[in-house]
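Have a look at the structure below, then the notes.
Protein chains: 2
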Amino acid sequence: MRRRKRPRCVMDRFLSNAVNRIDAKGRVSVPAHFRTVLQKRGYSELYALRCLDQAAMDVGGLDLLDRYEQRIAQEDPFLQTADDMSFFYHGDGTFLKLDQDGRVTLTDFIREHTGITTEVAFVGRGSFFQIWEPARLAAYGAAARARLLHLRQGTKPGERPE
Amino acid sequence: MRRRKRPRCVMDRFLSNAVNRIDAKGRVSVPAHFRTVLQKRGYSELYALRCLDQAAMDVGGLDLLDRYEQRIAQEDPFLQTADDMSFFYHGDGTFLKLDQDGRVTLTDFIREHTGITTEVAFVGRGSFFQIWEPARLAAYGAAARARLLHLRQGTKPGERPE
DNA sequence: CCTGTTCCCGTTGACGCCCATGATGCCCCA
DNA sequence: TGGGGCATCATGGGCGTCAACGGGAACAGG
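Quick look at the structure:
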């Protein structure tokens with residue numbers, strides 16, 4: 245039985261990863277698969293939020309921000325925490341505009357936080373995706389795998405640590 | 245029925261940040277993105293309030309005052325605190341006039357409070373924006389992120405605002 | 001007269017739009 | 001089954017537009 249050309253089943257989530265090069269103008273192509281997801285979700289504008297604890301940026305549509313704003317609304321608007329959150333989510337992000345060829349230009353702001361210089365690693369994270377400096381991503385991935393492995397080896401029956 | 249995508253436009257909130265230079269006449273360009281938001285919100289005049297606890301100015305339309313008056317209303321009007329707040333917010337504001345190139349001239353009052361000399365950092369805060377001296381902004385941002393990170397690590401698992 | 005403000009101009013550098021190219025993978029058909 | 005043709009995609013670059021910026025000139029007020 246021949247499988248005809250059909251839409252893939254997981255087109256509505258950001259999955260997998262890719263590394264693309266930055267050209268002389270500072271542009272980099274967003275992976276085609278991610279672009280189709282963006283289109284499917286109706287994202288016309290990309291918003292990039294700086295990760296709190298990693299040298300990466302979270303990238304998604306503006307509804308990424310809506311979720312955070314709902315979170316901020318839970319706080320007392322006159323306390324420090326609400327102010328910090330607003331400061332971080334509203335002020336510490338940056339717009340990424342897709343040009344017609346599906347490329348974005350990276351700002352110095354992003355380069356500083358991520359350490360990106362010549363290449364960009366795109367990592368799908370489900371409802372959003374991340375951009376990394378490839379070497380840092382590799383290091384982070386290795387550390388994450390090590391933690392998981394350690395966790396699994398430590399959870400043998402009767403030998404659970406901690 | 246679930247409405248998946250809100251037609252919320254990018255242009256109705258102050259987001260992201262930018263740094264612009266002050267020219268010899270003391271003028272500085274308000275970022276183009278912020279100007280479109282101002283126009284969309286129908287702000288004909290800008291009002292700048294000095295932040296109570298930061299070396300920054302809150303800038304927005306006159307409804308910015310509403311925000312602070314709500315704050316004052318929470319205090320007991322009999323006490324000194326309410327009087328202080330009223331004095332501070334009502335008396336320590338400045339009007340900023342946009343010239344036809346979208347620039348404002350910074351007053352000495354603003355320079356004094358913010359420490360701004362040659363460059364101005366604009367920071368979106370949703371319904372208004374702030375102006376900072378860039379180095380001070382960086383320092384404050386680092387502190388704010390540290391507080392948030394600490395807060396996040398302190399929250400129970402599954403409570404991460406994601 | 002001097003200082004500060006407002007309008008208007010030109011410059012420049014960054015960014016968006018467009019087209020070209022090469023690489024890769026898929027499909028169809030011989 | 002293999003090869004030609006087509007589609008897709010990452011990448012490079014030319015070029016026009018616009019925002020940021022600098023400065024001249026026309027005011028106004030003190």
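Those protein sequences? They're chains A and B, same order as listed. Our numbering numbers the first residue of the first sequence as 245 and each following residue consecutively. Our numbering numbers the first residue of the second sequence as 245 and each following residue consecutively. The beta-carbon is built from N, C-alpha and C at its ideal position, and this holds for glycine as well.
By the rule that beta-carbons nearer than 8 Å mark a contact, R391(B) touches chain A. With a 10 Å radius around the Cβ and a threshold of 16 neighbouring Cβ atoms, G335(B) comes out exposed. Close CB contacts of G337(A) within its chain, under the 8 Å cut and outside five residues either way in sequence, are with Y291, A292, L293, R294 and L309 (chain order). Neighbours of L323(A) in chain B, taken as residues at a C-beta separation under 7 Å, are lacking, since the least C-beta distance is about 11 Å.
Between F366(A) and F278(A), the CB-CB gap stays under 8 Å. Inter-residue distance for Q397(A) and A388(A) is about 14 Å (C-alpha atoms, whole angstroms).
Between R315(B) and chain A, the shortest Cβ-Cβ separation is below 8 Å.
With a threshold of 8 Å between beta carbons, G398(A) makes no contact with chain B. DSSP places E313(B) in the helix class (H, G or I) of the three-state scheme. In terms of Cβ geometry, E363(B) and A299(B) do not form a close pair [threshold 8 Å]. If you compare the alpha carbons of I316(B), D297(B), L306(B) and I360(B) with that of G286(B), the shortest gap goes to L306(B). Counting only Cβ-Cβ distances below 7 Å, S260(B) has contacts in chain A at G337, T338 and F339, in chain order. Chain-order list of chain A residues neighbouring G368(B): H334 and G335, by C-beta distance under 8 Å. An exposed status is given to Q344(B), since fewer than 16 other beta-carbon atoms sit within 10 Å of its beta-carbon.
Between L340(A) and V303(A), the CB-CB gap stays under 8 Å.
Beta-bridge pairing by DSSP links R347(A) to S273(A). Runs of the alpha helix (DSSP H) spanning 4 or more residues and lying entirely within the stretch 352–400 of chain A occur at 352–358 and 378–398, in chain order.
Contacts with chain A at 8 Å (Cβ-Cβ) include L395(B).
Here R391(B) is near D328(A), since their CB atoms are less than 8 Å apart. With respect to the 8 Å criterion, T325(A) and L395(B) are classified as neighbours on the basis of their beta carbons.
Residue range M301 to G304 is occupied by the beta strand (DSSP E) that includes D302(B), with no alpha helix (DSSP H) assigned at that position.
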